[in-house]
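Numbering that gives the first Met the number 0 puts the first residue of the sequence shown at 0, with every later residue one more than the last. Don't be surprised by glycine CBs; every beta carbon is placed ideally from N, CA and C. If you're wondering where the values come from, they're calculated on a predicted model, not measured in any experiment. Please read the structure below before turning to the comments.
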Amino acid sequence: MKRFFFSLMVAAIAVSPKIAAAQIPAAKDVVASTAYTSYEPVARGKEFQVAVVIKIRDGFHINARKPTLEYLIPTDLKVELPAGYKAGEVSYPGGTLKSFSFSKDEKLNVYTGKVVLYLKVTPPADAAPGAQHIPMKLRYQACNDSVCLPPVRQDVDAAFTVATTGKIAHTEFFKNQ
Numbered sequence: 000m001k002r003f004f005f006s007l008m009v010a011a012i013a014v015s016p017k018i019a020a021a022q023i024p025a026a027k028d029v030v031a032s033t034a035y036t037s038y039e040p041v042a043r044g045k046e047f048q049v050a051v052v053i054k055i056r057d058g059f060h061i062n063a064r065k066p067t068l069e070y071l072i073p074t075d076l077k078v079e080l081p082a083g084y085k086a087g088e089v090s091y092p093g094g095t096l097k098s099f100s101f102s103k104d105e106k107l108n109v110y111t112g113k114v115v116l117y118l119k120v121t122p123p124a125d126a127a128p129g130a131q132h133i134p135m136k137l138r139y140q141a142c143n144d145s146v147c148l149p150p151v152r153q154d155v156d157a158a159f160t161v162a163t164t165g166k167i168a169h170t171e172f173f174k175n176q
């Protein structure tokens with residue numbers, strides 16, 4: 000009988016880390032991001048906007064662009080423009096101040112749910128017509144109330160077509176066109 004209980008205990012200990020690991024998602028699976036352009040096609044020489052829509056899994060948050068504490072990893076978007084294109088600064092929304100079990104004394108500035116980053120871009124007046132894209136890297140660290148996952152650099156691509164005239168698109172993200 001002792002042997003049976005000993006075997007049962009060893010099996011339970013061996014399985015429990017696997018169960019715990021299965022409940023913690025991979026950092027890359029906590030955030031999904033997609034890029035949209037305010038025009039499709041985009042007109043040569045005319046400013047348009049790129050919206051990077053970030054969807055954060057329920058129960059998780061990522062630090063805002065301006066985190067509360069210096070050691071926290073901020074959300075950051077790096078942009079690689081095609082030759083001749085110009086862009087303004089990335090526009091980050093303000094976060095929400097929230098308390099967590101690990102930071103009871105201080106509220107943290109975080110993003111949850113859905114967040115949209117904006118970037119104004121102008122293609123050159125002589126941009127070649129056709130397919131184009133703006134590769135970007137979104138850096139973030141996802142956490143829940145008890146664990147922070149490793150920081151991630153996620154590829155995001157704004158694909159669009161360049162033409163002589165543009166057409167308004169994706170009005171759900173670009174309301175003031």
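Where the alpha helix (DSSP H) containing residue i begins and where it ends
i, result
"Gln131", "Premise fails: Gln131 lies in the beta strand (DSSP E), 129-139, not in any alpha helix (DSSP H)."
Bridge partner(s) assigned by DSSP for residue i
i, result
"Ala31", "Lys54"
"Thr36", "Val49"
"Val78", "Met135"
"Ile167", "Tyr38"
"Ser90", "Tyr117"
Buried versus exposed call for residue i [16 or more other C-beta atoms within 10 Å across all chains shown]
i, result
"Ala158", "exposed"
"Val9", "Low confidence applies here, because Val9 scores a pLDDT of 38, under 50, leaving its location unreliable; read the following figure in that light. Val9 comes out exposed."
"Leu68", "exposed"
"Gly165", "buried"
"Gln22", "exposed"
"Glu171", "exposed"
"Ala63", "buried"
"Ala178", "Given that the chain is displayed from residue 0 to residue 176, the structure contains no residue 178 and the question cannot be resolved."
"Pro149", "exposed"
"Val146", "exposed"
"Ala20", "The predicted position of Ala20 is uncertain, since its pLDDT is 48 and thus under 50; a value taken from the coordinates is nonetheless stated next. With fewer than 16 Cβ atoms within 10 Å of its Cβ, Ala20 is classed as exposed."
"Ala124", "exposed"
"Ala141", "buried"
Start-to-end residues for the beta strand (DSSP E) that takes in residue i
i, result
"Lys97", "95-97"
"Phe159", "151-162"
"Leu118", "113-121"
"Leu107", "107-110"
"Val146", "First-last for Val146: undefined, no H or E at that position."
"Ile72", "Run containing Ile72: none; DSSP gives neither H nor E here."
"Leu61", "Going by the sequence as given, residue 61 is Ile instead of Leu. Looking at the DSSP string, the run of the beta strand (DSSP E) that includes Ile61 is 60-62."
**Report entry** At least three beta-carbon pairs within less than 8 Å, the segment 31-46 to the segment 94-108
**Finding:** no
Query raised in the report: So, do the segment 151-170 and the segment 22-36 have three or more beta carbon pairs nearer to each other than 8 Å?
Result: yes
Requested in this report: Examine the Cβ distances between the segment 124-133 and the segment 60-76 and report whether three or more of them are shorter than 8 Å.
Outcome: no
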